[in-house]
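Numbers 2 to 119, taken from the working numbering, label the letters of the sequence shown in order. For glycine and all other residues, C-beta sits at the position ideal for the given N, C-alpha and C.
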Amino acid sequence: MAKKKLNSLSDLGGFVFSTNDKEDFSKFNTSSDEELANNEQYLEAHFSNKGRGGKTVTVIKGFVGSEQDLKQLGKMLKQKCGVGGSVKDGEIIVQGNFRDKIIEILKKEHYNVKRVGG
Numbered sequence: 002m003a004k005k006k007l008n009s010l011s012d013l014g015g016f017v018f019s020t021n022d023k024e025d026f027s028k029f030n031t032s033s034d035e036e037l038a039n040n041e042q043y044l045e046a047h048f049s050n051k052g053r054g055g056k057t058v059t060v061i062k063g064f065v066g067s068e069q070d071l072k073q074l075g076k077m078l079k080q081k082c083g084v085g086g087s088v089k090d091g092e093i094i095v096q097g098n099f100r101d102k103i104i105e106i107l108k109k110e111h112y113n114v115k116r117v118g119g
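Structural data, given as structure tokens:
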């Protein structure tokens, strides 16, 4: 694979290095915990069984917001499906193949949901 040529410092992806102790770096802080309304969220509903001993799960990806809001959404989806699951690495994992049911639930909550995969 060929190395990517850097044309400017911005090609480094916003990397900032300074030895100045008095510099205020808060202006460079771009946190990803911004709040989006439900109708502005674009979620993906995946079906997976890889790496889980053959057990099927439904994975919801693409949520933008706080970790607490993600956990609340995951809890609501698990309760409405009547199954277990978890919230890891910004993804909601629901045990079983409930992708169609979860898509309906999320659409009633005004989320934009896309069915991904077969």
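Next item on the list: May I have the straight-line CA-CA distance separating Gly118 from Ser49, to the nearest angstrom?
Entry: Within the sequence shown, residue 118 is the residue found at index 117, counting from 1. Within the sequence shown, residue 49 is the residue found at index 48, counting from 1. Those two C-alpha atoms are separated by around 9 Å.
Item checked: Nearest to Thr59 (by Cα), restricted to the options Val95, Asp101, Leu107, Asp22 -> Here residue 59 refers to the residue found at position 58 when the sequence shown is read from its first residue. It is Val95.
Check: Should Leu78 go down as buried or exposed, given a rule of 16 or more other Cβ atoms within 10 Å for buried?
Finding: In the sequence shown, the residue the question calls residue 78 occupies position 77. It counts as buried.
Checklist line | Start and end residues, beta strand (DSSP E) containing Lys89 | finding: Working through the sequence shown from its first residue, we reach residue 89 at position 88. Lys89 -> beta strand (DSSP E) spans 86-89.
Next item on the list: Report the residue from Val114, Gly97, Asp101, Glu110 whose alpha carbon sits nearest the alpha carbon of Lys51.
Entry: Here the question's residue 51 lines up with position 50 in the sequence shown. Closest by alpha carbon: Gly97.
Check: What is the rounded straight-line gap between the Cα of Gly154 and the Cα of Gly83?
Finding: In the structure as shown, the chain begins at 2 and stops at 119. Residue 154 is therefore absent and cannot be evaluated.
Item checked: Residue range of the alpha helix (DSSP H) that includes Glu105 -> Along the sequence shown, read from residue 1 onward, the residue named residue 105 stands at position 104. Note, Glu105: alpha helix (DSSP H), 100-109.
Check: Thinking C-alpha only, which one of Phe99, Ile103, Ile104, Glu68 is nearest Val88?
Finding: Looking up residue 88 in the sequence shown gives position 87. When each option's Cα is compared against that of Val88, the closest is Glu68.
Check: Going along the chain, which residues of its own chain have a beta-carbon closer than 6 Å to the beta-carbon of Glu45, five neighbours each way excluded?
Finding: The count along the sequence shown starts at 1 and reaches residue 45 at position 44. So the qualifying residues of the chain are Lys62, Gly63, Lys115, Val117.
Check: With respect to the alpha helix (DSSP H) encompassing Leu74, which residues constitute its N-terminal and C-terminal limits?
Finding: Indexing the sequence shown from 1 puts residue 74 at position 73. Per DSSP, Leu74 belongs to the alpha helix (DSSP H) from 68-82.
Next item on the list: Spatial neighbours of Lys108 within its chain, please: CB distance less than 7 Å, with the 5 preceding and 5 following residues excluded, ordered by chain position.
Entry: As a working note, residue 108 is residue 107 in the sequence shown. The answer, listed in chain order, is Val114.
Check: Where does Asn113 fall in DSSP's three states?
Finding: Here the question's residue 113 lines up with position 112 in the sequence shown. Strand, per DSSP.
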